[in-house]
Each structure stands twice: as C-alpha cells, then as structure tokens.
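> Let me begin by handing over the structure; questions about it come next.
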Amino acid sequence: MKTVFRRALLVITATILTVSFTACKGSAGNGSDHKEPGKGAQKGMNTYNIGRFSIDVPTEMKEAGRTHEFRYAEIEEFLWPKNVDREEARKEAWARRIAEINSNRPPRGIKKIIVETKESLSVGKWSKGVLYYGNDMSSKDGFWMIMADYGQVGAIFIIKGLIEYEEPMFDDLLEIARNYEPMKQDKVDSFHTAYGNITLPYLEQESSYVRFEGHPLDLMLEIEMTETNNVEESGPVERLAAAISTNFAPTVDVKKIRARKKNVAGLEGEELVVRLTDGGESELHFGWEYAGKQDSGEYPLIQIEMESPDGRVEEKLKVWDAILGSMKSLYKGK
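Written as structure tokens, this is what we have:
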C-alpha cells in the first residue's frame, strides 16, 4: 500500500506512538543472517532475546532487520565464512572497513582521515582498533572502531565523540567489546544482541530495534526498546483521540477495535488496535506501548507494533495476544 493511504497511515501511527518506526526501517539492515532463535514456550513460536527482554514470535516470521546501541556504541555482528582461512577473512574484513573509512573526505586542513590504529587489544581471539575523523566539516569529531573475532561470530563496535577525548572514548568502547559474549541464550542481567550479549549492567543509553516479516497472514512486526529521559504522560489511546479531534488526517477513517490498559511482562502499558480506511483500502494496526521509567535499562520505553492488510481480524488478534503474552524480562528474579 505505498499510496496516499499508506502515507496517511504513517501520519496517524506516528501521532499515536511517541517514536515512529519509519526511520528505523531504513537503518536496520537486511536481516540476512541471524542467530538461531530458541524454541518458544508456545507451540509454533520461537523465542528471541532483544535487549534485556525475550519475546516469542511465530515460527513463520523471520528477522528482516535488527539494530542495537549500547552506551552510545553501535554494534554490528556477522558470521565468519566457514570455508575461508580465518586469518585471510580477518585481513579482508579489516581492509574493507579501512577502505570505507578512507573513502570519506577528511576535515579541511587534515591530510589523513585516520588518526591512529591499535592492535592486540585482548578482545576475543583477535582484535584491532582505529580512530578516525567522522565529520569533514569539523576536525573536532571522531569515531573509534573496534573489530573483533569471537570465534564463529565477528563484531564491530563504533562510538562517536570529540577527538580531544579519544582516550576515554576508547576505554569505554574497549570495556563493551571485552564484555561481549557470542552465541549465548537467556543470560540474565545482560544486554542481548543479534548473536550474543554484553554482560554489563545498565549505565546509560541502550536501544534495540527488530523487525519480523513473512507470516501467512501478511503480518509485519516491529519491536523497539530505548531508554528514556522524558516519560510521556499521555499514552497511545489518548494521543489517537487527540489526533482524531484535531482532524489530523481528514481522509482516513479510524475504527477502534481495542483501546485499553494492558499488562505485558509485568509492565503496565496501553494497547491500541485500529482499522484505518482511506479510499476503500483498509489496514489493521496493532500497538502496545510502555512509557518506561526515567533513565532505566530494566524499564525502558517499549513499543511493539504489528501491521497487516484488513481481514481475518480474530486470527490476527490471537497471534498478537500470543506475542504479547510471551514477553519476559531477563533481569534476575523476573
């Protein structure tokens, strides 16, 4: 439905939710490789660990995109090729990233974009680091990147900051890289990523985004979690009412199917299920939101959305209820 209706739908849903998923869809990767999920507690479901939570998703649905940030560091993970000499694979992966960095223009007055490199960082089985300028308009901004080999899994950690603080930047990134463990399932009090987890407590900024696609009912599921320093007082139900009262999208007819408080994983949030119709086309939108607590990893802002074309509403509600009912915190004692 890439039509006027679809654009109107995005306007409405962006108003309903405090954070629109639209920007995330373009930055979450293609989802081509992922750690095998765990077997779900419910029949026909697989368990996925996301950030500091787990959730069951229908087996027919596959990851189509995932991103994580931890203490402001971006995390990229990949599987090493099985039939390639590991030393050669490392050289190739490192050379490829250095070439990408060097393809950018350094700031005015700076001859080389790379400031320094580090080797043998005591991370995983092999690791390297590089500091480089990150903004061709300023010589103050820089990035540290660490690439590491953890066995089956490779990982890249990137953090941005001021060049003058490059030492504490590097120390912060090194702590994250040294506390990354690959291919772990259900490890409590850890931050879970695509292929592993980071065994560090919450300190500051954490975010996760995952998208699932491929269900016979033509469902698309998105899950986003992020720390918040601004807890919203109004929930999605109130925001929808406000959007309707102001005639925010006049061509779209909104019919509420559910609008209620709903406890998920012990968290008191709001559920909103609506049918959106414009020009004879209809789409179903399922949403649950927990506003979170200020500056908390255990209680982040959580938004779960599911979309599909209209029809077979009761079947889709059963899938939706099973997904929400499966969500669990991975904190101790939860």
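All letters in the sequence shown, in the order written, are residues -25 to -1, 1 to 309 by mature numbering (1 follows the signal peptide of the UniProt record, and there is no 0).
The beta-carbon is built from N, C-alpha and C at its ideal position, and this holds for glycine as well.
Please read all numbers here as calculations on a predicted model, not as lab measurements.
What is the rounded straight-line gap between the Cα of residue 115 and the Cα of residue 232?
Against the sequence shown, residue 115 aligns to sequence position 140. Against the sequence shown, residue 232 aligns to sequence position 257. The straight-line gap from Cα to Cα measures roughly 52 Å.
> Look up residue 291 in the DSSP assignment and say whether it is helix, strand or coil.
Counted from its first residue, the sequence shown places residue 291 at position 316. Helix at residue 291.
> Mind checking which residues open and close the alpha helix (DSSP H) that includes residue 71?
Your numbering for residue 71 matches position 96 in the sequence shown. Where residue 71 is concerned, the enclosing alpha helix (DSSP H) stretches over 61 to 77.
> Can you name the residues that DSSP bridges to residue 43?
Numbered from 1 along the sequence shown, position 68 holds the residue referred to as residue 43. Looking at the DSSP assignment, residue 43 forms a beta bridge with 50 and 183.
> Rounded to whole angstroms, how far is the Cβ of residue 264 from the Cβ of residue 277, which I believe are closer than 8 Å?
Within the sequence shown, numbered from 1, the residue matching residue 264 stands at position 289. Within the sequence shown, numbered from 1, the residue matching residue 277 stands at position 302. So it is a contact: roughly 7 Å between Cβ atoms.
> What's the gap between the Cα of residue 203 and the Cα of residue 297?
Here residue 203 corresponds to residue number 228 of the sequence shown, with the count starting at 1. Here residue 297 corresponds to residue number 322 of the sequence shown, with the count starting at 1. One C-alpha to the other measures close to 27 Å.
> Using three-state DSSP, classify residue 284 as helix, strand or coil.
Residue 284 sits at position 309 when you count from the first residue of the sequence shown. Correct three-state label for residue 284: strand.
> Kindly provide the ranges of any beta strand (DSSP E) runs that are 3 or more residues long and lie completely inside the segment 222 to 273, ordered along the chain.
Here the runs fully enclosed are 228 to 239, 242 to 253 and 256 to 265.
> List the DSSP bridge partners of residue 105.
Here the question's residue 105 lines up with position 130 in the sequence shown. According to DSSP, residue 105 bridges with 92 and 120.
> Apart from the five residues on each side of it in sequence, which residues of its chain come closer than 6 Å, Cβ to Cβ, to residue 162?
The residue you call residue 162 lines up with position 187 of the sequence shown. Excluding residues within five positions, the ones whose Cβ falls inside 6 Å are 172.
> Going by DSSP, name the residue or residues bridged to residue 23.
On the sequence shown, position 48 is the one that residue 23 refers to. 30.
> Around the C-beta of residue 54, are 16 or more other C-beta atoms found within 10 angstroms, so that it is buried, or is it exposed?
By one-based count along the sequence shown, residue 54 stands at place 79. So residue 54 ends up on the exposed side.
> Starting from residue 315, follow the beta strand (DSSP E) in both directions and report where the run begins and ends.
Since the first residue of the chain shown is -25 and the last is 309, residue 315 is not available in this structure.
> Under 8 Å, do residue 250 and residue 242 count as touching if we go by C-beta distance?
For the purposes of this step, residue 250 is taken as residue 275 along the sequence shown, with counting starting at 1. For the purposes of this step, residue 242 is taken as residue 267 along the sequence shown, with counting starting at 1. Cβ distance not < 8 Å, so residue 250 and residue 242 don't count as in contact.
> What number of angstroms, rounded off, separates the C-alpha of residue 228 from the C-alpha of residue 248?
Working through the sequence shown from its first residue, we reach residue 228 at position 253. Working through the sequence shown from its first residue, we reach residue 248 at position 273. Approximately 14 Å, taken between the alpha carbons.
> Taking all protein chains shown into account, decide if residue 226 is buried (16 or more other Cβ within 10 angstroms of its Cβ) or exposed.
Here the question's residue 226 lines up with position 251 in the sequence shown. When all chains shown are included, residue 226 counts as exposed.
> Hey, residue 36 and residue 194 are a contact pair by Cβ (cut 8 Å); roughly how many whole angstroms apart?
Sequence index remark: in the sequence shown, residue 36 carries index 61 (1-based). Sequence index remark: in the sequence shown, residue 194 carries index 219 (1-based). Rounded, the Cβ-Cβ distance is 7 Å, consistent with contact.
> Can you tell me the Cα-Cα spacing of residue 292 and residue 184, whole angstroms?
As a first step, residue 292 must be located in the sequence shown, where it is residue number 317. As a first step, residue 184 must be located in the sequence shown, where it is residue number 209. When rounded, the distance between both Cα atoms is 22 Å.
> Give the range of the beta strand (DSSP E) segment to which residue 195 is assigned.
As a position in the sequence shown, residue 195 is number 220, starting the count at 1. Element bounds for residue 195: 195 to 201.
> Which two residues bound the contiguous beta strand (DSSP E) that contains residue 157?
Translated into the one-based positions of the sequence shown, residue 157 becomes position 182. Run containing residue 157: 155 to 157, per the beta strand (DSSP E) assignment.
> Less than 7 Å between C-beta atoms, sequence neighbours within five positions excluded: which residues of the same chain meet that for residue 127?
In the sequence shown, counting from the first residue as 1, residue 127 sits at position 152. Excluding positions up to five away in sequence, the list reads 54, 55, 157 and 158.
> Taking the C-alpha atoms as reference points, what is the distance between residue 306 and residue 176?
Counting from one through the sequence shown, the residue named residue 306 turns up at place 331. Counting from one through the sequence shown, the residue named residue 176 turns up at place 201. Roughly 10 Å between the two C-alpha positions.
> Can you tell me the Cα-Cα spacing of residue 47 and residue 61, whole angstroms?
Taking the first residue of the sequence shown as 1, we reach residue 47 at position 72. Taking the first residue of the sequence shown as 1, we reach residue 61 at position 86. Each residue's alpha carbon lies about 30 Å from the other.
> Can you give me the C-alpha to C-alpha distance between residue 201 and residue 215, rounded to a whole angstrom?
Counting from one through the sequence shown, the residue named residue 201 turns up at place 226. Counting from one through the sequence shown, the residue named residue 215 turns up at place 240. Answer to the nearest angstrom: the Cα atoms are 22 Å apart.
> Enumerate in chain order the residues of its own chain whose CB-to-CB distance from residue 178 is below 7 Å, with the five nearest sequence positions on each side excluded.
On the sequence shown, residue 178 is found 203 positions in, with the first residue counted as 1. So the qualifying residues of the chain are 46.
> For residue 245 and residue 131, which I take to be in contact (beta-carbon distance under 8 Å), what is that distance rounded to the nearest angstrom?
Within the sequence shown, the letter at position 270 stands for residue 245. Within the sequence shown, the letter at position 156 stands for residue 131. Their Cβ separation, rounded to whole angstroms, is 37 Å, which puts residue 245 and residue 131 out of contact at 8 Å.
> Measuring alpha carbon to alpha carbon, tell me which residue in 235, 196 and 191 is nearest residue 210.
Your numbering for residue 210 matches position 235 in the sequence shown. Considering only alpha carbons, the answer is 235.
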